[in-house]
Amino acid sequence: MSLYEYAHDLDTPVHPVSAPDYMPVEELRALQLHRLQGLVRRVYDHVPLTRARMDERGVRPEHIQTLKDIALLPFMMKTDLRDTYPFGLFACPMNDIVRFHCSSGTTGKPIVIGNTQNDIRVWQNGCMRALALCGVRSPDIMQVAYGYGLFTGGLGLHYGGEGLGCAVLPISGGNTDRQLMLMRDMGTTVIACTPSYFLHLIDEGMKKGIDFKRDMQIRHGVFGAEPWTEEMRAKIESLTGIFAHDIYGLTEIAGPGVANDCRCRRGLHVFEDHFYPEIVDPETLEPLPDGEQGELVFTTLTRTGTPMLRYRTRDISRLLTGACPCGRTIRAIERIHARSDDMLIIRGVNVFPSQIEAGLLSIDSVLPHYQIVVGKEGDLDTIEIKVEVTRETFSDDIKTLERLRQRIGQAVQRIINLSPHITLVEPHTLPRSEGKLQRVTDLRNRAVSSKGV
Ligand code: DLL
Numbered sequence: 131m132s133l134y135e136y137a138h139d140l141d142t143p144v145h146p147v148s149a150p151d152y153m154p155v156e157e158l159r160a161l162q163l164h165r166l167q168g169l170v171r172r173v174y175d176h177v178p179l180t181r182a183r184m185d186e187r188g189v190r191p192e193h194i195q196t197l198k199d200i201a202l203l204p205f206m207m208k209t210d211l212r213d214t215y216p217f218g219l220f221a222c223p224m225n226d227i228v229r230f231h232c233s234s235g236t237t238g239k240p241i242v243i244g245n246t247q248n249d250i251r252v253w254q255n256g257c258m259r260a261l262a263l264c265g266v267r268s269p270d271i272m273q274v275a276y277g278y279g280l281f282t283g284g285l286g287l288h289y290g291g292e293g294l295g296c297a298v299l300p301i302s303g304g305n306t307d308r309q310l311m312l313m314r315d316m317g318t319t320v321i322a323c324t325p326s327y328f329l330h331l332i333d334e335g336m337k338k339g340i341d342f343k344r345d346m347q348i349r350h351g352v353f354g355a356e357p358w359t360e361e362m363r364a365k366i367e368s369l370t371g372i373f374a375h376d377i378y379g380l381t382e383i384a385g386p387g388v389a390n391d392c393r394c395r396r397g398l399h400v401f402e403d404h405f406y407p408e409i410v411d412p413e414t415l416e417p418l419p420d421g422e423q424g425e426l427v428f429t430t431l432t433r434t435g436t437p438m439l440r441y442r443t444r445d446i447s448r449l450l451t452g453a454c455p456c457g458r459t460i461r462a463i464e465r466i467h468a469r470s471d472d473m474l475i476i477r478g479v480n481v482f483p484s485q486i487e488a489g490l491l492s493i494d495s496v497l498p499h500y501q502i503v504v505g506k507e508g509d510l511d512t513i514e515i516k517v518e519v520t521r522e523t524f525s526d527d528i529k530t531l532e533r534l535r536q537r538i539g540q541a542v543q544r545i546i547n548l549s550p551h552i553t554l555v556e557p558h559t560l561p562r563s564e565g566k567l568q569r570v571t572d573l574r575n576r577a578v579s580s581k582g583v
């Protein structure tokens, strides 16, 4: 059976948890409005910051009469969580909180999210639906190699897998030798981790003579928490023969399980009966029509601990138009290529790391391990891309290597319109990560420009 045919067999029969994915659209909109009205009332009554902002605009909860009226409401941002650290945006008594999660902020203090029993159930529902969308089901053995702890990846996928009746192996991130040993000995069928960590597992496995296609039982990879490209997906699938799925989410909204791609791979379906999506123009903050690219904004329709009204994610996406052939009625977003704050401005040109990744991986002998270093020579910005190439390539003569360097440079230049300096390096020489990988170093401001866990 080809991977494609297999994929098309994935979610039949539909797991009962997926029923809301297929709700008639009118019913879904009515449910969303009902939930939005309840949410706005709760937040207005219990969160002083939002109440003050709504009062300033002359907006009261009863003004929310249609879903479009969401545009009357103020936005929330990471800085609001930081400014009211740790509990200022909580909308329930502390007695109702059963678990905290935190995510790193841009300054020293993390942001703190409180979950009630209800919120944990809503989140688990999102993760179960995400996994069901991937085709994960009992009796899958699911190795959760996302970090457990304040980061939401580990516990989120853990509860999702258990909810579906899978056998979960809660190994957390790191300890790569043990990951590989258990994966092989126990016959893991589903791996959940960042795509960059999975690449590291493949790499370390190869060093030990492990061939994923021959020696492992893995059929599904549930990859997310960092931007990755279709080119990276193709690389992972061809190296391992698994089906690589894209799972999206963020701590402020729940964690993983806010959206997930389906077998059609048009984009990621949002579990919008709980997490209401909008796309806004990041400059004017005006809502954009479906199909247009902008900043992704979420409203947590059903959360009660730290509910978010119009939370600005900084992630760039668009809401897809037209029906999805999989039959789901919940809308889908385009996969996240970038965060607006990951954009590099090099010699005045806007560059996203994912564009560079797409160019690099279009060349066969390039391995999916690279680092981007942005610097300055005099007044001029410079960009160097260090990239691993296969060992066989490295043993080629200098002329062949130089030709490869040029080909890679041209492939990237075609996409970003800048000519990068390409440095070819041997396999296993660039940094690896057990969680989110930082691939960009911007020496111009002496700071590393993407974030980690
Ligand atoms: O990364 C939650 C998560 C865990 C998602 C495991 C998926 C799997 P945070 O640490 O708060 O939460 O980071 C959220 O990570 O705003 C995106 O910029 C990025 N991100 C998450 N998933 C994806 C994805 C978790 N599939 C931030 N593609 C988000 C691209 C992603 N970026």
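Under the numbering used here, the sequence shown is numbered contiguously, ending at residue 583. We put the beta carbon where it would ideally sit given N, CA and C, even for glycine.
Short Cβ contact (8 Å threshold) for residue i with residue j
i: residue 487; j: residue 324; result: no
i: residue 342; j: residue 371; result: yes
i: residue 400; j: residue 502; result: no
i: residue 375; j: residue 390; result: yes
i: residue 426; j: residue 443; result: yes
i: residue 361; j: residue 449; result: no
i: residue 484; j: residue 357; result: yes
i: residue 296; j: residue 272; result: yes
i: residue 215; j: residue 239; result: yes
i: residue 538; j: residue 517; result: yes
i: residue 446; j: residue 548; result: no
i: residue 257; j: residue 286; result: yes
i: residue 470; j: residue 419; result: no
i: residue 217; j: residue 242; result: yes
Strand pairing of residue i, partner residues [DSSP]
i: residue 241; result: 233
i: residue 462; result: 399
i: residue 446; result: 425 and 468
i: residue 482; result: In DSSP, residue 482 forms no bridge with anything.
i: residue 353; result: 323 and 376
i: residue 501; result: 516
i: residue 385; result: 380
i: residue 474; result: 481
i: residue 390; result: 377 and 399
Simplified DSSP state of residue i, which is helix, strand or coil
i: residue 417; result: strand
i: residue 225; result: helix
i: residue 566; result: coil
i: residue 207; result: coil
i: residue 87; result: Because the chain in this structure spans residues 131 to 583, residue 87 falls outside the shown range and cannot be described.
i: residue 583; result: Its pLDDT being 37, under 50, residue 583 is placed unreliably in this model, and the value from its coordinates should be taken loosely. Looking at residue 583 - three-state DSSP - the assignment turns out to be coil, as it is neither helix nor strand.
i: residue 435; result: coil
i: residue 280; result: coil
i: residue 543; result: helix
i: residue 406; result: strand
i: residue 559; result: coil
i: residue 530; result: helix
i: residue 136; result: Reliability of the predicted coordinates at residue 136 is poor, the pLDDT of 43 falling under 50, and the value obtained from them is presented with this limitation in mind. Helix, per DSSP.
i: residue 273; result: strand
i: residue 510; result: strand
i: residue 491; result: coil
i: residue 194; result: coil
i: residue 597; result: Outside the displayed span of the chain (131 to 583) sits residue 597, for which this structure offers no information.
i: residue 441; result: strand
i: residue 294; result: coil
i: residue 348; result: coil
Contact test: residue i Cβ vs ligand 1 heavy atom, cutoff 7 Å
i: residue 355; result: yes
i: residue 377; result: yes
i: residue 421; result: no
i: residue 497; result: no
i: residue 215; result: no
i: residue 407; result: no
i: residue 424; result: no
i: residue 209; result: no
i: residue 281; result: yes
i: residue 466; result: yes
i: residue 380; result: yes
i: residue 539; result: no
i: residue 276; result: yes
i: residue 386; result: yes
i: residue 249; result: no
Buried versus exposed call for residue i [16 or more other C-beta atoms within 10 Å across all chains shown]
i: residue 182; result: exposed
i: residue 582; result: Its pLDDT being 36, under 50, residue 582 is placed unreliably by the model, and the measurement read from it follows with that caveat. Result: exposed.
i: residue 246; result: buried
i: residue 224; result: exposed
i: residue 521; result: exposed
i: residue 458; result: buried
i: residue 135; result: Reliability of the predicted coordinates at residue 135 is poor, the pLDDT of 46 falling under 50, and no value is obtained from them.
i: residue 72; result: In the structure as shown, the chain begins at 131 and stops at 583. Residue 72 is therefore absent and cannot be evaluated.
i: residue 288; result: buried
i: residue 291; result: buried
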